[in-house]
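Order-wise, the sequence lines are chains A and B.
If you count the first sequence from 1, position 353 lands on 353 in our numbering, and the numbers rise without skipping.
Numbering-wise, our numbering comes out as the position in the second sequence, counting from 1, plus 1000.
The beta-carbon is built from N, C-alpha and C at its ideal position, and this holds for glycine as well.
A quick write-up on the structure given underneath.
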Amino acid sequence: MRAVSWHGKEDIRVETFPDPQIVNPRDAIVKVSLTAICGSDLHLYTGRIPTMQAGDILGHEFMGEVVAVGHEVTNLKIGDRVVVPFTISCGGCYFCKHDLWSLCDNSNPNAWMVEKLYGHSPSGLFGYSHMLGGYAGGQAEYVRVPFADVGPITVPEGLSDEQVLFLSDIFPTGYMAAENCQIREGDTVAVWGCGPVGLFAIWSAYKLGAGKVIAIDRFPERLKLAREYCKAKTLNYEEVDVFTMLQELTGGRGPDSCIDAVGSEAHGTTLDAWYDLAAEKLMLETDRGHVLRQVIHSCRKGGTISIPGVYGGFLDKVPIGAAFGKGLQLRMGQTHVHRYLPRLLEFIREGELDPSFLITHRSSLEQAADMYRIFEQKQDECIKVVLQT
Amino acid sequence: MKTGLMNSTCSSSQSVKQCPLSQNVANSERVLSLLGGGGLLLMGLRRGSGAGLLGVAAGASLLYRGWTGHCHLYEGLGINTADSQRKRPGVPAHQGSKVNSALHINRDRQEIYDFWRKLENLPQIMQHLESVTMLDEKRSEWVARAPLGKTLQWEAEIITDKPGEVIAWQSLPGSQVDTAGSVHFKDSSTGAGTEFVVSIMYNPPGGQIVTQIAHLLGQDLQAELNQDLREFKQLLEAGEIATNAIAPEPGQIQKPVMSDLKVVKS
Ligand SMILES: [Zn+2]
Ligand SMILES: [Zn+2]
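This is how it looks when you write it as structure tokens:
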């Protein structure tokens, strides 16, 4: 089969690999019909995630047709069209039983690696480093899907691949980001980052009762989608002082909830953003904290901070005093995709949202290397890339 | 996927022993790191060019390494120069190796106890054991794998057995190996499943066997026990052992699945 593989910083290749087969009884093999490049794939592209190996197959947002099932998989049959959650979960451990799917105990064969860094291991992920399982990803013609009896959701007829693909990650991730805000009717929510997750978070915040959502970014095309499709009030942080504007828009109180949909590769124009760049070069921190600092600074007292943006290692100069002094709640983590699938599929079926609105680039799998470059450099107003196999 | 565990002295949350943030750089090397790192940093700062910046970065990482005694690169590679005295062929007789592992399994306490009470079942989940044979209700004969295809053998006796709560065993006097082990079972405080703690101690008496036993047990035992128990838990909770393989590996023994895990009837 053909698949997109990682060979080092900014070195993506499309190569031929052996087809995957059933290894364990709960496996399925999915023939991929549509896959996407995720913003978090760019952390791999720029070489920021450790424990990648040359030849690793990338991709964690994918869907397709079931072409083989192990003998323990009774809920799927050959020919079913499925969307596959990017988190791999066993369904039997304490965490799966408590609806905390991305914290599954049993799906990371390399748990010992990440335990050194984190103390405990989260679930395995498709195509996202050896530390997080070393699983071959979905930017490929075929994927082996472990625990296929609990993860994949079958897609009803009448919905296109583009409409349901984002159930694999970014739609549930945006939704969980908003849910983590514990929104009360009429609340004001501020969202940093109008990439795909930020856009879904805005839509979800309104869905969960927000009265006003304020979105912050610097790319005009993203701000336009946030404004026109998701109905947010938008701020360009290169043009205005974000803190001042947020206070003005909330009567000096600050937003009730703040979502950091940016994560570890935050850009900024303030002094502390330059500090992050220097600290990173000196290996004093692995993640940039500029956005998170601004989020903590801006949020109203007693408010909630929700972090769907990916952080991987160590962060310097986190204003813990401000977070404590203002009595903030911080909620974060990888998405419990399985928890949200039925609900979100229903939204799509009922026509409340067509998630394909944010696709700007469509290409073949063979063009993946170009697409990574275009997406990373935000050329050509790129917001979301899907690859057809 | 067990090979990667070599030399990890402090690898898992399952270890009950508190593990201090591991120093894995020897003291002499730390001093060199500090000196070299400081020098590079100063030179780099003075130059200020691209090469200078590289020097600053390299210097800073050396300083970090020297200051903390911890090298991320070493950790990634599984190297530990700080522990070199422990790699001597031979564990001092009074010291032995003791490892602990604690975990939660979302299964019934009695079911897990039953599996462990039949010590004959253990080689199915413990990779360093070749076989355990019950000689009578209490006594058992153990065979463990040693390097170069050799084996070690000893007799042990169950010294405590409280059904559903604890099993403890100990090698009999005069054995090739002085060893003891115990498993404690308890209903989970989460309301479902079982919390259990496994402790194993090996204390080689000395002589020729010391070399072998040190190789066999050494500092890998903790990592090995953690991984063994992790896979045991996977079998019980998920029915199979998670793997990232994309195809069955030809000529290799398949990882067991739950239905292969036979409870030996006595
Ligand atoms: Zn993603
Ligand atoms: Zn699980």
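| field | Short Cβ contact (8 angstroms threshold) for A/Asn136 with A/Pro50 | value | As a position in the first sequence, residue 136 of chain A is number 136, starting the count at 1. As a position in the first sequence, residue 50 of chain A is number 50, starting the count at 1. Sequence check: residue 136 of chain A is Ala here, not Asn. No, the Cβ-Cβ distance between A/Ala136 and A/Pro50 is not below 8 angstroms.
| task | Give the DSSP-derived three-state secondary structure of A/Lys384 in the structure shown. | result | Taking the first sequence and counting its residues from 1, the one referred to as residue 384 of chain A is at position 384. If DSSP states are grouped into helix, strand and coil, A/Lys384 belongs with coil.
| request: Using the Cα positions of A/Gly138 and A/Gly8, report the straight-line distance between them to the nearest angstrom. | output: Taking the first sequence and counting its residues from 1, one reaches residue 138 of chain A at position 138. Taking the first sequence and counting its residues from 1, one reaches residue 8 of chain A at position 8. A/Gly138 and A/Gly8: Cα-Cα distance of roughly 18 angstroms.
| said: Please list, in chain order, the chain A residues whose beta carbon lies closer than 9 angstroms to that of B/Pro1248. | reply: By 1-based counting over the second sequence, the position of residue 1248 of chain B is 248. Here the neighbours are Gln21, Ile22 and Val23.
| said: What I want to know is whether the C-beta of B/Asn1244 ends up closer than 7 angstroms to one or more non-hydrogen atoms of ligand 2. | reply: Indexing the second sequence from 1 puts residue 1244 of chain B at position 244. No, Cβ of B/Asn1244 sits at least 7 angstroms from all heavy atoms of ligand 2.
| Straight-line gap, B/Tyr1074 to A/Lys116 (C-alpha atoms, nearest Å) | For the purposes of this step, residue 1074 of chain B is identified with residue 74 of the second sequence, where counting begins at 1. For the purposes of this step, residue 116 of chain A is identified with residue 116 of the first sequence, where counting begins at 1. Here the model assigns B/Tyr1074 a pLDDT of 41, short of 50, so the residue's position is not dependable, and the following value carries that caveat. Using only the alpha carbons, I get a separation of about 13 angstroms.
| query | Would you say A/Asp149 touches ligand 2, meaning its beta carbon is less than 7 angstroms from a heavy atom? | reply | For this step, residue 149 of chain A is matched to residue 149 along the first sequence. Not so, every heavy atom of ligand 2 lies at least 7 angstroms from the Cβ.
| Within the chosen definition, does the segment 86 to 104 of chain A reach the segment 1236 to 1246 of chain B through at least 3 CB pairs nearer than 8 angstroms? | yes
| Would the beta-carbon of A/Ile214 fall within 8 angstroms of that of A/Pro172? | By 1-based counting over the first sequence, the position of residue 214 of chain A is 214. By 1-based counting over the first sequence, the position of residue 172 of chain A is 172. Contact: no.
| field | Paired residues, beta bridge with A/Met332 - DSSP | value | The sequence position of residue 332 of chain A within the first sequence is 332, counting from 1. Per DSSP, A/Ile307.
| Closer than 8 angstroms, CB to CB, is B/Gly1078 near chain A or not? | Within the second sequence, residue 1078 of chain B is the residue found at index 78, counting from 1. Residue confidence is low: B/Gly1078 scores 36 on pLDDT, short of 50, so the model does not pin down where it sits. Its coordinate-derived value is still stated next. Output row for B/Gly1078: interface = no.
| B/Phe1232: beta carbon under 7 angstroms from a heavy atom of ligand 2? | Numbered from 1 along the second sequence, position 232 holds the residue referred to as residue 1232 of chain B. No - ligand 2 has no heavy atom lying nearer than 7 angstroms to the Cβ of B/Phe1232.
| task | Measure the C-alpha to C-alpha separation of A/Leu292 and B/Glu1120 and round it to an integer number of angstroms. | result | Numbered from its first residue, the first sequence carries residue 292 of chain A at position 292. Numbered from its first residue, the second sequence carries residue 1120 of chain B at position 120. Taking the straight line joining both Cα atoms gives about 54 angstroms.
| request: Confirm the yes/no value for this check: CB of A/Cys382, any heavy atom of ligand 1, distance under 7 angstroms. | output: Position 382 of the first sequence, counted from the first residue, corresponds to residue 382 of chain A. Answer for A/Cys382: no, Cβ out of range of ligand 1.
| query | Name the DSSP bridge partner or partners of A/His361? | reply | Along the first sequence, one-based indexing puts residue 361 of chain A at 361. DSSP output for A/His361 lists A/Val385 as bridge partner(s).
| query | Do A/Leu58 and A/Trp6 have their CB atoms nearer than 8 angstroms? | reply | Here residue 58 of chain A refers to the residue found at position 58 when the first sequence is read from its first residue. Here residue 6 of chain A refers to the residue found at position 6 when the first sequence is read from its first residue. Their beta carbons are under 8 angstroms apart, which means A/Leu58 touches A/Trp6 by this criterion.
| query | The alpha helix (DSSP H) with B/Thr1194 in it runs from where to where? | reply | The count along the second sequence starts at 1 and reaches residue 1194 of chain B at position 194. B/Thr1194 -> not in any alpha helix (DSSP H); beta strand (DSSP E) instead, spanning Thr1194 to Asn1203.
| message | Just to make sure I have the definition right: I need the residues of chain A whose C-beta is within less than 7 angstroms of the C-beta of B/Gln1153. Which are they? | response | Residue mapping note: residue 1153 of chain B aligns to position 153 of the second sequence, counting from 1. Per Cβ cutoff of 7 angstroms: no residues; B/Gln1153 is ~30 angstroms from chain A at best.
| request: Establish whether the CB of A/Ser160 and some CB of chain B are separated by less than 8 angstroms. | output: Counted from its first residue, the first sequence places residue 160 of chain A at position 160. No, because no Cβ of chain B sits closer than 8 angstroms to the Cβ of A/Ser160.
| query | Can you list, in chain order, the residues of its chain whose CB lies under 6 angstroms from that of B/Ala1180, leaving out five sequence neighbours each side? | reply | In the second sequence, counting from the first residue as 1, residue 1180 of chain B sits at position 180. Excluding residues within five positions, the ones whose Cβ falls inside 6 angstroms are Gln1170 and Met1201.
| Three-state secondary structure assigned by DSSP to A/Cys258 | Walking along the first sequence from the start, residue 258 of chain A turns up at place 258. Strand, per DSSP.
| field | Exposed unless 16 or more other CB atoms sit within 10 angstroms - verdict on A/Pro85 | value | As a first step, residue 85 of chain A must be located in the first sequence, where it is residue number 85. Buried, by the Cβ-count rule.
| query | Relative to the C-alpha of A/Leu208, which residue among A/Ala36, A/Leu344, A/Pro18 and A/Asp380 is closest? | reply | Here residue 208 of chain A is taken as the residue at index 208 of the first sequence, counted from 1. Of the candidates A/Ala36, A/Leu344, A/Pro18 and A/Asp380, the one whose C-alpha sits nearest the C-alpha of A/Leu208 is A/Leu344.
| task | Kindly indicate if chain B contains any beta-carbon less than 8 angstroms away from that of A/Cys93. | result | The residue you call residue 93 of chain A lines up with position 93 of the first sequence. So, interface residue.
| Which class does A/Asp56 belong to by DSSP, given the choice of helix, strand or coil? | Translated into the one-based positions of the first sequence, residue 56 of chain A becomes position 56. A/Asp56: strand per DSSP, three-state reduction.
| Would you say B/Asp1083 reaches chain A, if we count a Cβ-Cβ gap shorter than 8 angstroms as a contact? | Within the second sequence, numbered from 1, the residue matching residue 1083 of chain B stands at position 83. Confidence in B/Asp1083 is poor, its pLDDT being 40 and thus under 50, which makes the residue's placement too unreliable to answer from.
| request: Leaving aside the five residues before and after A/Val73 along the sequence, list all residues of the same chain whose C-beta is less than 8 angstroms from its C-beta, in chain order. | output: Counted from its first residue, the first sequence places residue 73 of chain A at position 73. Closer than 8 angstroms at Cβ, skipping near neighbours: Pro25, Arg26, Asp27, Ala28, Ala148 and Asp149.
| query | Which residues in the same chain as A/Gly211 place their Cβ atom closer than 8 angstroms to its Cβ, once the five residues preceding and following it in sequence are excluded? | reply | On the first sequence, residue 211 of chain A is found 211 positions in, with the first residue counted as 1. So the list reads Glu185, Gly186, Asp187 and Thr188, once near-sequence residues are dropped.
| query | Which residues, in chain order, does the segment 353 to 378 of chain A contribute to contact with chain B at a C-beta distance below 9 angstroms? | reply | none
| query | Of all the options A/Asp56, A/Leu103, A/Gly70 and A/Met1, which has the alpha carbon lying nearest to the alpha carbon of A/Gln334? | reply | Against the first sequence, residue 334 of chain A aligns to sequence position 334. Of the listed residues, the one whose Cα sits closest to A/Gln334 is A/Leu103.
| Within 10 angstroms of its Cβ, does A/Thr35 collect 16 or more other Cβ (buried), or is it exposed? | Residue mapping note: residue 35 of chain A aligns to position 35 of the first sequence, counting from 1. It counts as buried.
| query | Around the C-beta of A/Glu61, are 16 or more other C-beta atoms found within 10 angstroms, so that it is buried, or is it exposed? | reply | Looking up residue 61 of chain A in the first sequence gives position 61. A/Glu61 is buried by the Cβ-count criterion.
| query | Does the distance from the C-beta atom of A/Ile307 to that of A/Met332 stay below 8 angstroms? | reply | Indexing the first sequence from 1 puts residue 307 of chain A at position 307. Indexing the first sequence from 1 puts residue 332 of chain A at position 332. Contact flag set, yes.
| What residue ranges within the segment 111 to 192 of chain A form continuous alpha helix (DSSP H) runs of no fewer than 4 residues, ordered along the chain? | 111 to 118, 161 to 164 and 170 to 179
| message | With a threshold of 8 angstroms between beta carbons, is A/Asn108 in contact with chain B? | response | Position 108 of the first sequence holds residue 108 of chain A. So yes, A/Asn108 belongs to the interface.
| Where B/Gln1234 meets chain A, residues with beta-carbon distance less than 7 angstroms | Here residue 1234 of chain B is taken as the residue at index 234 of the second sequence, counted from 1. Residues of chain A passing the Cβ test: Asn106.
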